[in-house]
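Numbering (UniProt numbering), first residue to last: 1 to 190.
Cβ coordinates follow ideal geometry from the N, Cα and C atoms, glycine included.
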Amino acid sequence: MNNSKKCRCKWPGEDPLYCDYHDYEWGVPLHDDQLLFEFLILEGAQAGLSWITVLRKRDNYRMAFDNFDPKIVAQYDDRKVEELLQNEGIIRNKLKINSAIRNAKAFLKVQEEFDSFDKYIWSFTGGKTIKNAWRNLSEVPALTDEATAMSKDLKKRGFNFVGPTICYAFMQATGMVNDHTTDCFRYEEV
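Pasting the structure below:
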């Protein structure tokens, strides 16, 4: 359900899928491990592409990657990788597919060490959403010190496709930061 009369951030434009994502998901604090894993994988898949490209393929990704269950993804073998490379519904990039498997294994280790990925990942913001106050899109940074620290630590733990810019996009998507512009109706809501 899209209400185009509302003032929202400029980045989703008029695309109904993008507007719904902005209005109902982007920036909402997320604490479910499986959904956090989904966003981590999708943000990595987005590298070098636009987010709307990934968003349009999201349902296909969910089917292809067993609803982003990290325990299942961690078990993928060469046969599964080949199957995914043939799937036209996802981004068929071998490095990104192998990264998802590698990240699933690292994700499970983090869950084991910290009891949940949520507990670990939110530690980079002190367990709270960082509320910014950007007036327009041009003020929003591509990365922050927190995203850089997150990237460094994730890489140390064996994750890849988790550079600082990807980490900051992940933080924005999962509500670790509120980067809705101050004129956006979602700014106060999240």
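Boundaries (first-last residue) of the alpha helix (DSSP H) holding Gly44: On the sequence shown, position 44 is the one that residue 44 refers to. That run of the alpha helix (DSSP H) goes Asp33 to Gln46.
Counting only the same chain and skipping the five closest in sequence on each side, list residues whose C-beta sits under 6 Å from that of Asp183. Here residue 183 corresponds to residue number 183 of the sequence shown, with the count starting at 1. Here the set comprises Cys7.
Is the beta carbon of Trp134 sitting closer than 8 Å to the one on Thr174? As a working note, residue 134 is residue 134 in the sequence shown. As a working note, residue 174 is residue 174 in the sequence shown. Going by C-beta atoms, Trp134 is not nearer than 8 Å to Thr174.
What does the alpha-carbon distance come out to for the pair Asp33 and Asp115? Here residue 33 is taken as the residue at index 33 of the sequence shown, counted from 1. Here residue 115 is taken as the residue at index 115 of the sequence shown, counted from 1. Taking the straight line from one Cα to the other gives about 10 Å.
By the 10 Å Cβ neighbour count, where 16 or more other Cβ atoms means buried, how is Ala100 classified, buried or exposed? For the purposes of this step, residue 100 is identified with residue 100 of the sequence shown, where counting begins at 1. Buried, because 16 or more other Cβ atoms sit within 10 Å of the Cβ of Ala100.
If you run the structure through DSSP and keep just helix, strand and coil, what is Asn60? Numbered from 1 along the sequence shown, position 60 holds the residue referred to as residue 60. Correct three-state label for Asn60: helix.
Assigned secondary structure, His180 (DSSP; H/G/I helix, E/B strand, else coil): In the sequence shown, counting from the first residue as 1, residue 180 sits at position 180. Note: His180 maps to coil in three-state DSSP.
Under the assumption that Ala149 contacts Phe124 (Cβ atoms under 8 Å), give the Cβ distance between them as a whole number of angstroms. By 1-based counting over the sequence shown, the position of residue 149 is 149. By 1-based counting over the sequence shown, the position of residue 124 is 124. Right, their Cβ atoms sit about 6 Å apart.
Alpha helix (DSSP H) segment containing Tyr18, residue limits: As a first step, residue 18 is located in the sequence shown; it is residue number 18 there, counting from the start. Where Tyr18 is concerned, the enclosing alpha helix (DSSP H) stretches over Pro16 to Tyr24.
Where does Ser151 land, buried or exposed, given buried means 16+ other C-beta within 10 angstroms? To locate residue 151, count along the sequence shown from 1; it is residue 151. Answer is buried; the Cβ neighbour count reaches 16.
For Arg102, which option in Tyr21, Lys10 and Val73 has the closest C-alpha, if you only look at C-alpha atoms? Position 102 of the sequence shown holds residue 102. Checked all of Tyr21, Lys10 and Val73; the closest Cα to Arg102 is Val73.
Quick check on the burial criterion: 16 or more other C-beta atoms within 10 angstroms. Buried or exposed for Asn178? The residue labelled residue 178 in the question sits at position 178 within the sequence shown. That one is buried.
Indicate the three-state DSSP secondary structure (helix, strand or coil) for Ile121 in the structure shown. Residue mapping note: residue 121 aligns to position 121 of the sequence shown, counting from 1. Helix.
Buried or exposed by the 16-neighbour rule on C-beta atoms within 10 Å, applied to Leu84: Position 84 of the sequence shown, counted from the start, is the residue given in the question as residue 84. Flag for Leu84 reads buried.
Can you give the Cα-Cα distance for Arg79 and Asn98, rounded to whole angstroms? Numbered from its first residue, the sequence shown carries residue 79 at position 79. Numbered from its first residue, the sequence shown carries residue 98 at position 98. Whole-angstrom Cα-Cα distance: 12 Å.
Beta carbon of Ile91 nearer than 8 Å to that of Phe65: Translated into the one-based positions of the sequence shown, residue 91 becomes position 91. Translated into the one-based positions of the sequence shown, residue 65 becomes position 65. Cβ atoms of Ile91 and Phe65: not closer than 8 Å.
Answer with buried or exposed for Glu88, where buried requires no fewer than 16 other C-beta atoms within 10 angstroms of its C-beta. Walking along the sequence shown from the start, residue 88 turns up at place 88. Exposed, since its Cβ has fewer than 16 Cβ neighbours within 10 Å.
Identity of the residues DSSP links to Lys131 by a beta bridge: Within the sequence shown, the letter at position 131 stands for residue 131. Lys131 pairs with Asn178.
Can you give me the Cβ contacts of Pro12 inside the same chain, cut-off strictly under 6 Å, excluding the 5 residues immediately before and after it? In the sequence shown, residue 12 corresponds to position 12, counting from 1. Within the same chain, Pro12 has close Cβ partners Tyr18, Cys19 and His22.
I'd like to know if the segment 153-166 and the segment 50-68 are in contact, where contact means that at least 3 CB-CB pairs between them fall below 8 Å. no
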